[in-house]
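Enquirer: I have a structure I would like to understand better, so I am pasting it below and will then ask my questions one at a time.
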Amino acid sequence: GQNIDQPTEMTATEGAIVQINCTYQTSGFNGLFWYQQHAGEAPTFLSYNVLDGLEEKGRFSSFLSRSKGYSYLLLKELQMKDSASYLCAVFYNTDKLIFGTGTRLQVFP
Amino acid sequence: SAVISQKPSRDICQRGTSLTIQCQVDSQVTMMFWYRQQPGQSLTLIATANQGSEATYESGFVIDKFPISRPNLTFSTLTVSNMSPEDSSIYLCSVAPGLAFNNEQFFGPGTRLTVL
């Protein structure tokens, strides 16, 4: 099977920067997504990386290294509303999106 | 984007019964997926619902327990059969409209199932 690993929980303070890492198996890789999920809600799309490098979108950036099977999501200028679970998901060659374990981020004032 | 609705939004069921969850999309999509999210956990793919053919199930999930229908390109159902408390979970329908949307997958609001 495909293992996609993330830290289980992270904490940070308002205004800070936090980096959430994700490692995955590279065989059949077709792209990597980051989703945000607030408690009791469906996941919402944050970013998509298919090539190596950094994709920036406002306060959120996502980085990918395909050779290393590694990605991170960078959140800047943290706000209280950023408290949520962040899900790394990999698109494999069977056209299935497989999710990692998820990282629960708690932002403190 | 694709707008997805699910019915019911939540239900409380007795052990041994079955529940059918409906998923409706506002546009035609080739690929529809069913996920399960157990309390405090991430999403686990149950199966891919293919229009005009049988669903493709992931390891650990079988058709007898989770029969799926996909009668057309905008609708699918997932049935949770002979339920036990271990089936208590959120069930999410998801669609992938394709390359035009950067392969993004959209998710329905989920069905929260509690089995007593």
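Going down the list, the protein sequences come from chains H and F.
When the first sequence is numbered by the numbering used here, its final residue is 109 and no position is left out of the sequence of numbers.
When the second sequence is numbered by the numbering used here, its final residue is 1116 and no position is left out of the sequence of numbers.
Positions of the beta carbon are idealized from the N, C-alpha and C atoms, including for glycine.
1. Determine the extent of the beta strand (DSSP E) in which R104 of chain H is found, giving its start and end residues.
2. Roughly how many angstroms separate the alpha carbons of G20 of chain H and G1016 of chain F, rounded to a whole number?
3. Looking at the structure shown, is P1008 of chain F part of a helix, part of a strand, or coil, going by DSSP?
4. Starting from the Cα of E55 of chain H, find the closest Cα among H:L75, H:P43, H:E41 and H:A39 and give me that residue.
5. What is the C-beta distance between V90 of chain H and L46 of chain H, in whole angstroms, given that I count them as a contact (C-beta under 8 Å)?
6. How far does the beta strand (DSSP E) with E77 of chain H in it extend, from its first residue to its last?
7. Once the 5 residues before and after E1058 of chain F are set aside, which same chain residues still bring their CB inside 8 Å of it?
8. Residues in its own chain within less than 7 Å of K124 of chain H by CB, not counting five upstream and five downstream?
9. Shortest alpha-carbon distance to V1062 of chain F belongs to which of F:F1075, F:G1052, F:P1008 and F:N1082?
10. What is the DSSP secondary structure of P1109 of chain F, reduced to helix, strand or coil?
11. Interface residues of chain F around K57 of chain H at Cβ under 8 Å?
12. Going by DSSP, which residues form a beta bridge with K57 of chain H?
13. Going straight from the alpha carbon of V18 of chain H to that of I1012 of chain F, what length do you get?
14. DSSP three-state label for P1071 of chain F, please.
15. Mind checking whether E9 of chain H and T103 of chain H have CB atoms under 8 Å apart?
16. Can you give the Cα-Cα distance for I4 of chain H and R59 of chain H, rounded to whole angstroms?
17. Would you report the Cα separation of Y72 of chain H and Q1014 of chain F, rounded to the nearest angstrom?
18. Indicate whether A1049 of chain F and F1033 of chain F have their beta-carbon atoms separated by less than 8 Å.
19. Flag F45 of chain H as yes if its beta-carbon sits less than 8 Å from any beta-carbon of chain F, otherwise no.
20. Distance, Cα to Cα, V1080 of chain F vs A16 of chain H?
21. Within the segment 1004–1070 of chain F, note down every full beta strand (DSSP E) run reaching 3 residues or more, in order along the chain.
Expert: Once the coordinates are examined:
1. T103 to F108
2. Going by the sequence as given, residue 20 of chain H is Ile instead of Gly. Approximately 41 Å between the Cα atoms of the pair.
3. coil
4. H:L75
5. Not confirmed; about 14 Å, so no contact.
6. Element bounds for E77 of chain H: n/a, residue is neither H nor E.
7. T1044, L1045, I1046 and A1047
8. Lying before the first or after the last residue shown, residue 124 of chain H is absent from chain H, which here runs from 1 to 109.
9. F:N1082
10. For P1109 of chain F, the secondary structure class from DSSP, reduced to helix, strand or coil, is coil.
11. Going along chain F, no residue has its Cβ under 8 Å from K57 of chain H, so there is no contact; the nearest lies around 12 Å.
12. H:F60
13. 39 Å
14. strand
15. yes
16. 24 Å
17. For the pair Y72 of chain H and Q1014 of chain F, the Cα-to-Cα distance works out to about 42 Å.
18. Yes, Cβ-Cβ distance for A1049 of chain F and F1033 of chain F is below 8 Å.
19. For F45 of chain H, the nearest beta carbon of chain F is closer than 8 Å to its own beta carbon.
20. 43 Å
21. 1004–1007, 1010–1013, 1019–1025, 1031–1037 and 1043–1050
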